[in-house]
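In full-length UniProt numbering, the protein residues as written are 1 to 441.
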């Protein structure tokens, strides 16, 4: 077992990178794994560069990669007494490593304790302390060339950390609000670019969406449609008691929260306990968070009940005339698919509106985002794609991946605001309608 020494001083340190010329933004496809509902990005790691599949996590503090078979000529451990070891969220130091020297193990090296957001790691079976590394990460730019960040910081992880992740995925890509996330490290490499990234998850069963780093637009999709002009902005909020907090040190969450003030169904306000919509400053519970690792939006039980009843009432009205049938888990309300009309915006059902910091700042969810098609054996249903999240031991609402599909989201980390488009199907395009350039290694 390695001997650990936890540093008492954590300083802010400006990460240093080898500058290089690039035509920003950098970009990467986001592919949905339909067997798991997980969203996967591809990046190039190591030397020589190797295509690597990583789970996209909007709430991760740092990225991690399985290092049990990690081979690269340029990786380096981070010395405990070096300047990089004093950057944010340093968990400690591995003074003496008992395993053979390699990426997972280095004497006098900084460590991380990575997290699997899909399936909790059993630390009785898997050693949770892992080495922090720097190595090359590369993404394509707009000219199709691969652009490297030569001192990209991430964590190693053992093979046991991969349980629950989609086939072929070897780690997690952090897009959270953290000094060690991919977008922030890209911004440090190209300081003249905006500290900003955009994400568009595809609703296609075969074609990917994309992530764009280092640009506020234009975001040109099918037929030259610039989706940056369709964005509405609301403040990004950050939980004061983040996942990296401990009893003695409170750290802002790397996860993104929104100031949701009310919910409407078919233009009518849902009666709910609005105190649940705010983050409790003492416990960190409550509020509304955005997630790419939760497949469907989770609502605290009392909110779920009120919301579902409101939706059922409006769907049964003369405007829609829908009658429920036996639901299929995990959903609580389903309709025969044959009874639901199809439109450009998906199934014809009541529109859901998330009212944010002002009454005129509204995120609209149409049938393509509110409903989920369930087909198995003799069952063919459209189900309301929201699930009961239980009691309050975290956010009251977690907006899940299905509700984000074919919506363009821009995370402006400098101005701390979110730009959102609502469904871009209304613009005659979708998140798969982006032309990717061909990378040149």
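Ideal placement from N, C-alpha and C gives every residue a C-beta, glycine not left out.
Every value quoted in this text rests on a predicted model; they were computed, and no experiment measured them.
{"Check": "Among 362, 129, 226, 41, whose alpha-carbon lies nearest the alpha-carbon of residue 262?", "Outcome": "362"}
{"Check": "Please report the distance separating the alpha-carbon of residue 132 from that of residue 112.", "Outcome": "6 Å"}
{"Check": "Give the DSSP bridge partners of residue 442, in chain order.", "Outcome": "Absent from the structure is residue 442, since the part of the chain shown begins at 1 and ends at 441."}
{"Check": "Just to confirm the assignment, what range does the beta strand (DSSP E) spanning residue 479 have?", "Outcome": "A query on residue 479 cannot be resolved here, the shown segment of the chain reaching from 1 to 441 and no further."}
{"Check": "Let me check one thing: in DSSP terms, what residues is residue 314 bridge-paired to?", "Outcome": "In DSSP, residue 314 forms no bridge with anything."}
{"Check": "Within a Cβ cutoff of 7 Å, which residues of the same chain sit near residue 121, ignoring the five residues on either side of it in sequence?", "Outcome": "128, 160, 161"}
{"Check": "Can you name the start and end residues of the beta strand (DSSP E) that residue 38 belongs to?", "Outcome": "38-45"}
{"Check": "Does residue 396 have its Cβ less than 9 Å from a Cβ in chain D?", "Outcome": "Absent from the structure: chain D. Only one protein chain is present."}
{"Check": "Quick check on DSSP: helix, strand or coil for residue 34?", "Outcome": "coil"}
{"Check": "Quick one: Cα of residue 8 to Cα of residue 202, how far?", "Outcome": "The predicted model places residue 8 with a pLDDT of 29, which falls under 50 and marks its position as unreliable, so this point remains unresolved."}
{"Check": "In or out: residue 66 buried (at least 16 other Cβ within 10 Å) or exposed?", "Outcome": "buried"}
{"Check": "Check for me: the alpha helix (DSSP H) holding residue 184 runs from which residue to which?", "Outcome": "182-189"}
{"Check": "Identify, in the order they occur along the chain, each residue of the same chain with its Cβ nearer than 7 Å to the Cβ of residue 371, setting aside the five sequence neighbours on each side.", "Outcome": "346, 347, 349, 382, 383, 384, 385"}
{"Check": "State yes or no: is the C-beta of residue 278 within less than 9 Å of the C-beta of residue 306?", "Outcome": "no"}
{"Check": "Within the continuous beta strand (DSSP E) that includes residue 409, where are the two ends?", "Outcome": "407-412"}
{"Check": "Please tell me whether residue 288 and residue 153 are closer than 9 Å, where the distance is taken between their beta carbons.", "Outcome": "no"}
{"Check": "Is it right to say residue 215 is buried, meaning 16 or more other beta carbons lie within 10 angstroms of its own, or is it exposed?", "Outcome": "buried"}
{"Check": "Compute the Euclidean distance between the alpha carbons of residue 274 and residue 311, then round it to the nearest angstrom.", "Outcome": "18 Å"}
{"Check": "Less than 9 Å separating the beta-carbons of residue 175 and residue 331?", "Outcome": "no"}
{"Check": "Check whether the stretch 68-81 and the stretch 216-223 are in contact - that is, three or more C-beta pairs closer than 8 Å.", "Outcome": "no"}
{"Check": "Give me, in chain order, the residues of the same chain whose beta-carbon lies closer than 8 Å to that of residue 117; leave out the 5 immediate sequence neighbours on both sides.", "Outcome": "55, 57, 59, 60, 172, 293"}
{"Check": "Residues in the same chain with beta-carbon distance under 6 Å from residue 148, minus the five sequence neighbours each way, listed in chain order, please.", "Outcome": "136, 138"}
{"Check": "Could you tell me the boundaries of the alpha helix (DSSP H) in which residue 404 lies?", "Outcome": "401-404"}
{"Check": "Tell me, please, which residues DSSP counts as bridged to residue 112.", "Outcome": "130"}
{"Check": "Name, in chain order, the residues that DSSP records as bridge partners for residue 78.", "Outcome": "None, per the DSSP bridge assignment."}
{"Check": "Give the DSSP bridge partners of residue 146, in chain order.", "Outcome": "140"}
{"Check": "Quick one: Cα of residue 284 to Cα of residue 290, how far?", "Outcome": "15 Å"}
{"Check": "Could you check which residue in 105, 130, 24, 96 has the C-alpha nearest to that of residue 144?", "Outcome": "24"}
{"Check": "Label residue 125 either buried or exposed according to how many other C-beta atoms from any shown protein chain fall within 10 Å of its C-beta, with 16 as the threshold for buried.", "Outcome": "exposed"}
{"Check": "CB-CB under 8 Å to residue 62, same chain, minus the five flanking residues each way: which ones, in chain order?", "Outcome": "89, 112, 114, 153, 154, 155, 174, 178, 180, 181"}
{"Check": "Do you know whose CA, among 33, 71, 36, lies nearest residue 51's CA?", "Outcome": "71"}
{"Check": "Starting from the C-beta of residue 286, find all residues in its chain whose C-beta is less than 6 Å away, skip the five residues before and the five after it, and write them out in chain order.", "Outcome": "276, 278, 279, 280, 396"}
{"Check": "Reducing DSSP to helix, strand and coil, say where residue 290 ends up.", "Outcome": "strand"}
{"Check": "Taking the alpha-carbon positions, what's the residue 205 to residue 212 distance?", "Outcome": "21 Å"}
{"Check": "Could you give the first and the last residue of the continuous alpha helix (DSSP H) run that contains residue 174?", "Outcome": "From DSSP, residue 174 is part of no alpha helix (DSSP H) but of the beta strand (DSSP E) over 171-174."}
{"Check": "Can you check which of these residues, 169, 150, 27, 33, is closest to residue 48 by C-alpha distance?", "Outcome": "150"}
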